[in-house]
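Chains as they are written, first to last, in the numbering used here: chain A, 109 to 411; chain B, 251 to 693; chain C, 167 to 470.
A quick write-up on the structure given underneath.
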């Protein structure tokens, strides 16, 4: 994707992207390359002679039933958290953009929980979901056993999905709001004068205009739903009960960071990266085509 | 060959590396304890620094047990390791095979340290020793598993003493429900440290072949063939009957106990002081007992848990002298007493323990029954099966067993099936570990 | 705002109130403990009304956590990260959108892929490179045999070492690359009408002038949004600062806060810890509140 109007300069673009490329080469590609090399060896935790084992790590992991559960859970969590946090983030932002009295209060109230460090948020969710002493304990007093995330896998997965959606709503809210506020008022006013109601205006005019933001957030949410969230799982369920909340990235973390199996963890990282790259490519291929980038053509159309 | 080196360094890097000039030898220790325990470690380091003027030790908390291990791995690879590293019990095998440490006995020989090895409780020493009984690390914070119970609830259930056997424990849970009217006789979790390791040691049954892995990296799990299966089936019966309330979160379990809502919980002896601090304002009366054992069995020692201090390679002779002086300092009975009193861990040497007993320490208010932990650890001379468990990928193996047992609690599989699956999966991990260290043997 | 419909206004308030409640309630119930005296910490069920010990607990946390130095370190490193990320993201996106050059698509994907593997899973090799950022050059010299050549010719062994351990650079530089920010500005720049660049070109002013005079002011809301997100990101970093600093000099607040939390063997004085958490949260909350000023409609089009 590039502008139709571009600047001509031989060296400037390289100077502009140079710093970022240098940083990612040093701090991402070099170490990641090393980690991926471990995928094909058995790497001792403290270094030393690694044994070359070819595809053993990869075959062991893809034939493991637990890994299949982890893939399934990852897909469920990814779809669910993306839909929930993207949907609610958009709804909140659309209403907050209406500019009524008291918006500062609402915007602050929705945004500031993002400032809460993950450990605190995790404590919060424990207080709420704990079946005996938490808020949800009330539910269990009415119907004993109705809510039991400690042993019921479906409950546990629901709990983790809610908690991780919650943590990413603000992220989406902030960027949707920024996108919405960049829409010129006169466009919307013109549409209103033509007699378009709020719903029509949203779907015919506003949504296409923020579709670049929507695409941005879709891709980011899908990606982060694959790669993050192990902090929440680590505090809330540790992948349990009985693997019900085991995800691909949590397993990488658990095997590598806690279990010290650097090689298996690297092999799983390799698989995860391949999967995310595939999913991202699909999104760029099929979703970005529908995105409306306002260039000169938009200007013509709206006049 | 000329060994000159070009060293490029920015001012920043140089600043960071520059230490203030001082005649004292300075050494570093990384530890993983937090909260109040962190202050106790710092106080101990401070006492060492004030006790002499040749050496300075800088003790810093570098994360929890897992983080500190990860950091040490990275640091060793980059040559930034500390002199002394606190490593949690389960990391012992990996540390021995790391090639990055100086064994404790070797350091003591080289530095001519005056350490009375026999003064360490055998079960504590053995946990960190090679097959020849020589210590590789200095025992630091040590504990063992206990039962915590509400004395008022037991009285209401018609008990004056805590049952010695698991059969008696069964009856107690029922009495707590029926006679004392407790809605939560036991707040409970699958905790393999006490359910598997402590239980197997006390009953002298193996967790794995080759003497729980001490005698070779080719050990295999054997827990699906021992009375451990029966023990987990027993716990499932408590759970199914509603006698045990399952809660994997430790803080919640302790809250339920200290507020008197649940009558019994399992915890390490190191939680004694904390439980006291929390329960006292709420008027909950409680104490501890040793873990029960099956009837018709003579129980032997329980297992130690905690962490030890490891000496890292790569430093000068002077620095190791300082390291040795520090170890010698903290092994003194006086220091052990202060440490045990402040932290709630047990003293690791017999002489310190005996002095505490003689001074009437365990008769003081708030300390009564804390010595039961030492009695549990020293109930018999450790056998090859009650010295400890030394398995590779052990953290993952424990996770696997817990995972599978959770499926059994959920009635997806039977307890036997769960432990069979866990054994198969665990053995694959043991093989991976052995292959990682192909051709190497445990000391 | 376009129309004044009381029903729509009511719905708006209702939804936003519900949103505010859903977002704030979990934090509220966890932080309520920060107002309790220690005796009430383990209370079951959890209290829902505050007590009066908040300031006492905060003072205790400040002292216990030795927050003074930690605060400075957190502020310095977070500001470097936030400003660094915004600058890097903007100039990269500017190059990607407004220039045609070789490897443009490749560069975008190279940056984008960095989102796909979190730091936690490559922490050991990342530490290694930070403890010697010249390692790649050293390796290249060794692989190509240049190191050997230099040694044979001059007798000098080449050892390149530049460690960023225990420096602000080490704390921040590895976190400054930002696929999120680059992607954000790419998307935003793509929505900016081409006429603006055209006009700029016709005026004969260069690319940088266009960037400075046109793009930067237009991007204010997006910069504010990114600043909020990245400030919080930088502020809440835990694992990386823990790894790359040793000892107290360069430690950040989140590490101090976690060090106060008990492991499995100690009492949780959660009232003090959560009061500490409140203190730790204040700067990012302040940033959120201040950034509100920039989240105002009408910055983009001055013609309203």
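Where a beta carbon is used, it is the ideal one built from N, C-alpha and C, also for glycine.
Please read these numbers as outputs of a predicted model, since none were measured by experiment.
Should residue i and residue j be called a contact, given that it needs their Cβ atoms to be closer than 9 Å?
i: residue 449 of chain C; j: residue 306 of chain C; result: no
i: residue 564 of chain B; j: residue 361 of chain B; result: no
i: residue 259 of chain C; j: residue 355 of chain C; result: yes
i: residue 322 of chain B; j: residue 562 of chain B; result: yes
i: residue 442 of chain C; j: residue 456 of chain C; result: no
i: residue 346 of chain A; j: residue 501 of chain B; result: no
i: residue 672 of chain B; j: residue 647 of chain B; result: yes
i: residue 414 of chain C; j: residue 310 of chain B; result: yes
i: residue 757 of chain B; j: residue 641 of chain B; result: As shown, chain B starts at 251 and ends at 693. That puts residue 757 of chain B outside it, with no answer to give.
i: residue 550 of chain B; j: residue 651 of chain B; result: no
i: residue 196 of chain A; j: residue 248 of chain A; result: no
i: residue 577 of chain B; j: residue 507 of chain B; result: no
i: residue 626 of chain B; j: residue 454 of chain B; result: no
Following the continuous beta strand (DSSP E) through residue i, name the residue where it begins and the one where it ends.
i: residue 393 of chain B; result: 388–393
i: residue 337 of chain B; result: 334–338
i: residue 494 of chain B; result: 494–496
Could you round the C-beta distance between residue i and residue j to whole angstroms and report it? I think they count as a contact, below 8 Å.
i: residue 419 of chain C; j: residue 237 of chain C; result: 6 Å
i: residue 425 of chain C; j: residue 350 of chain C; result: Going by Cβ atoms, the distance from residue 425 of chain C to residue 350 of chain C rounds to 34 Å, so no, they are not a contact pair.
i: residue 350 of chain A; j: residue 261 of chain A; result: 6 Å
i: residue 471 of chain B; j: residue 676 of chain B; result: 5 Å
i: residue 316 of chain B; j: residue 360 of chain A; result: With 8 Å as the limit, residue 316 of chain B and residue 360 of chain A do not qualify as a contact, their Cβ atoms being about 14 Å apart.
i: residue 243 of chain C; j: residue 400 of chain C; result: 7 Å
i: residue 537 of chain B; j: residue 618 of chain B; result: 7 Å
i: residue 428 of chain C; j: residue 492 of chain B; result: Not quite, the Cβ-Cβ distance comes to about 30 Å (not below 8 Å), so this is no contact.
i: residue 283 of chain A; j: residue 391 of chain C; result: 6 Å
Please classify residue i: does DSSP put it in a helix, a strand, or coil?
i: residue 327 of chain C; result: coil
i: residue 517 of chain B; result: strand
i: residue 330 of chain A; result: helix
i: residue 338 of chain A; result: helix
i: residue 285 of chain B; result: helix
i: residue 411 of chain A; result: With a pLDDT of only 24 at residue 411 of chain A, under the threshold of 50, the placement of this residue in the model should not be trusted; the figure read from the coordinates follows. It is coil, neither helix nor strand.
i: residue 208 of chain A; result: coil
i: residue 543 of chain B; result: strand
i: residue 351 of chain B; result: strand
i: residue 309 of chain B; result: strand
i: residue 276 of chain B; result: strand
i: residue 396 of chain A; result: helix
i: residue 537 of chain B; result: strand
For the alpha helix (DSSP H) containing residue i, name the first residue and the last one.
i: residue 376 of chain B; result: 372–377
i: residue 561 of chain B; result: That residue, residue 561 of chain B, is in no alpha helix (DSSP H); its beta strand (DSSP E) goes 555–562.
i: residue 438 of chain B; result: Where residue 438 of chain B is concerned, there is no enclosing alpha helix (DSSP H), although the beta strand (DSSP E) it sits in stretches over 436–438.
i: residue 359 of chain A; result: 356–361
i: residue 464 of chain B; result: No alpha helix (DSSP H) contains residue 464 of chain B, which DSSP labels as neither H nor E.
i: residue 259 of chain A; result: That residue, residue 259 of chain A, is in no alpha helix (DSSP H); it is neither H nor E in DSSP.
i: residue 512 of chain B; result: Note, residue 512 of chain B: premise wrong, no alpha helix (DSSP H); not H, not E.
Could you confirm whether any beta carbon from chain B is found closer than 9 Å to the beta carbon of residue i?
i: residue 161 of chain A; result: yes
i: residue 310 of chain A; result: no
i: residue 331 of chain C; result: yes
i: residue 196 of chain C; result: no
i: residue 425 of chain C; result: yes
i: residue 408 of chain C; result: yes
Tell me, please, whether the CB atom of residue i is closer than 9 Å to any CB atom in chain A?
i: residue 264 of chain C; result: yes
i: residue 472 of chain C; result: Summary: the structure shown does not reach residue 472 of chain C, with chain C confined to residues 167 through 470, and so no result is reported for it.
i: residue 156 of chain C; result: What is shown of chain C runs 167 to 470, which leaves residue 156 of chain C out entirely.
i: residue 353 of chain C; result: yes
i: residue 653 of chain B; result: yes
Taking CB distances under 9 Å as the criterion, tell me whether residue i reaches chain C.
i: residue 380 of chain B; result: no
i: residue 111 of chain A; result: yes
i: residue 195 of chain A; result: no
i: residue 344 of chain A; result: no
Quick check on residue i - is its C-beta less than 9 Å from some C-beta in chain F?
i: residue 157 of chain A; result: Here chain F cannot be found, since the structure's protein chains are A, B and C.
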